[in-house]
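Report on the following structure.
Residue numbers (full-length UniProt numbering): 1 to 376.
Right under this line is the structure:
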């Protein structure tokens, strides 16, 4: 089995630029209840049941594999909104999202624990140009309902060849549905955007990718070390778990704890393995209700280690980790395998991170800048 790691749910997902972790973890030992004998017995019972269904059920399936697929998805989604199974074709499309010929629709998605999926179109991206509005719920893609489905599967459904079209059904706050046709296009990595806000150096991270660390490091090189630096994580839904770790290591001393991941095999601490360049910059983090997952990992690491002051709203509280496990037939399982906690041991799933300097919801950038200047 092959395994990769996701920490992007709410996915930092542009449906065409989907981030996976690297340096995948090894599976932990199964508990006694999942012994080989118990698993073999369950497999035999399932095979017997499928045989009876195929032979006697009035609505016998054309493809017994679909029964297994539906059963696995029903079991996983009933227990965890982030887990599910991808068919071989879905997984192949999911893995291909970064291929040069594939395009996306330029939309970030937030999965609610109710199973609903909320749209946040990228500025000037294909979805925004087609008329998708922030806050609308995604109902279906090309006729396939998406409620309760893993975000990786939604990415597979929405991704395709550049220039081809996809039909989305979305619903507004009043429940009224409409169909929108979006033409897929190449989606650039938003990278790290530098700006000046009220005399403050601001680095905006839209999502964590393999290039985030190097882009942040390059941006910091030319700055006056005695002036504050703001890392703007508002609206950042996450991204690559390991990219968040790498970015944290730009600031943390070697050996400093970044995050704890607790799974069935116990708790695994992730600590900085590098010695950063001297960086006396006063650090501030801007967060809001959509700051999630990998963005919360970076926030917790810098705040708990006393290197940054967080400003804004309570963060989203997406503190679990997902692994993508490829199966023998080319399909894959997306499984929640651990919960996250900050260096001081605060488990932020369902709870979020409380900012050191709270602001009213929906405060504008000027309010964030004023609060930052007042906190120096």
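Just so it is clear, CB atoms sit at the ideal spot from N, CA and C, and this is done for glycine as well. As the structure is a prediction and not an experimental result, all values here were calculated from the model.
Note down the Cα distance separating residue 86 from residue 198, rounded to an integer number of angstroms. Their backbone Cα atoms lie some 47 Å apart in a straight line.
Once you ignore the five residues that flank residue 50 on each side, which residues in its own chain have a CB closer than 8 Å to its CB? Closer than 8 Å at the Cβ level, and outside the excluded window around residue 50, lie 64, 67, 68.
With H, G and I counted as helix, E and B as strand and the rest as coil, what does DSSP make of residue 376? Residue 376: coil per DSSP, three-state reduction.
Going by beta carbon distance, what residues of the same chain come within less than 7 Å of residue 142, once the five residues before and after it are set aside? Excluding sequence neighbours, residue 142 sits near 157, 166, 167.
So, with DSSP's three-state summary, where would you put residue 274? Residue state, collapsed to three classes: coil.
Between the C-alpha atoms of residue 343 and residue 269, what's the straight-line distance to the nearest angstrom? The alpha-carbon atoms of residue 343 and residue 269 are separated by roughly 8 Å.
Please say whether residue 310 and residue 320 have beta carbons closer to each other than 7 Å? Not in contact: residue 320 and residue 310 (Cβ atoms no closer than 7 Å).
Measure from the alpha carbon of residue 238 to the alpha carbon of each residue in 39, 312, 209, then state which is nearest. Looking at 39, 312, 209, the one whose alpha-carbon comes closest to that of residue 238 is 209.
In angstroms, rounded to a whole number, what distance separates the CA positions of residue 182 and residue 39? Rounded to the nearest angstrom, the two C-alpha atoms are 44 Å apart.
On the DSSP bridge list, what partners appear for residue 298? DSSP lists no bridge partner for residue 298.
Put residue 36 into one of helix, strand or coil per three-state DSSP. If DSSP states are grouped into helix, strand and coil, residue 36 belongs with the helices.
Taking 7 Å as the threshold (C-beta atoms), are residue 76 and residue 83 in contact? A contact, by the Cβ cut-off of 7 Å.
Option in 322, 273, 317 with minimal Cα separation from residue 250: For the options 322, 273, 317, the alpha carbon positioned closest to that of residue 250 is the one of 273.
Put residue 123 into one of helix, strand or coil per three-state DSSP. In the structure shown, residue 123 sits in coil (DSSP, three-state: anything other than H, G, I, E or B).
Counting only the same chain and skipping the five closest in sequence on each side, list residues whose C-beta sits under 7 Å from that of residue 115. For residue 115, where only same-chain residues beyond five positions count, the Cβ hits under 7 Å are 81, 147, 148.
Look at residue 120 and residue 108 and say whether their C-beta atoms are less than 7 Å apart. In terms of Cβ geometry, residue 120 and residue 108 form a close pair [threshold 7 Å].
Report the three-state DSSP secondary structure of residue 318 (helix, strand or coil). Of the three classes helix, strand and coil, the one that applies to residue 318 here is coil, per DSSP.
Determine the DSSP secondary structure at residue 118, reduced to helix, strand or coil. When secondary structure is reduced to three states using DSSP, residue 118 falls in the strand class.
Indicate the three-state DSSP secondary structure (helix, strand or coil) for residue 346 in the structure shown. The answer is coil: DSSP assigns residue 346 none of H, G, I, E or B.
Where does residue 51 sit, in a helix, a strand or coil, going by DSSP? In the three-state reduction of the DSSP assignment, residue 51 falls in the helix class, which pools H, G and I.
Between residue 245 and residue 231, is the Cβ-Cβ spacing less than 7 Å? Taking 7 Å as the cut-off, the beta carbon of residue 245 is found no closer than this to the beta carbon of residue 231.
For the alpha helix (DSSP H) holding residue 216, just list the boundary residues, first then last. That run of the alpha helix (DSSP H) goes 212-221.
Residue 231 by DSSP, collapsed to three states: which one? In this structure, residue 231 counts as strand in the three-state DSSP scheme.
Measure the alpha-carbon distance for residue 233 versus residue 44 and round it to whole angstroms. If you draw a straight line from the Cα of residue 233 to the Cα of residue 44, it is about 49 Å long.
Per DSSP, which one or two residues make a beta bridge with residue 361? Answer by DSSP bridge pairing: none, since residue 361 is not bridged.
Over what stretch of residues does the beta strand (DSSP E) that includes residue 336 continue unbroken? Looking at the DSSP string, the run of the beta strand (DSSP E) that includes residue 336 is 332-341.
Own chain residues within Cβ distance below 7 Å of residue 367, not counting five before or after: Excluding residues within five positions, the ones whose Cβ falls inside 7 Å are 359.
Can you tell me whether DSSP reads residue 149 as helix, strand or coil? Correct three-state label for residue 149: coil.
Burial state of residue 52 (16 or more Cβ within 10 Å): Here residue 52 is exposed: its Cβ has fewer than 16 other Cβ atoms, across all protein chains shown, within 10 Å.
What is the DSSP secondary structure of residue 308, reduced to helix, strand or coil? In this structure, residue 308 counts as strand in the three-state DSSP scheme.
Start-to-end residues for the beta strand (DSSP E) that takes in residue 57: Run containing residue 57: none; DSSP gives neither H nor E here.
How do the segment 213-223 and the segment 289-309 stand: do at least 3 beta-carbon pairs fall below 8 Å, yes or no? Of all C-beta pairs linking the segment 213-223 to the segment 289-309, fewer than three are shorter than 8 Å, placing the two stretches out of contact.
Tell me which same chain residues have a C-beta within less than 7 Å of the C-beta of residue 93, skipping the five on either side of it? Within its own chain, the residues whose Cβ lies closer than 7 Å to the Cβ of residue 93, once the five positions on either side in sequence are excluded, are 156, 159, listed in chain order.
Please state whether DSSP places residue 159 in a helix, a strand or coil. It is coil, neither helix nor strand.
Have a look at residue 41 and residue 47 and give me their C-alpha separation to the nearest angstrom. For residue 41 and residue 47, the gap between their C-alpha atoms comes out near 10 Å.
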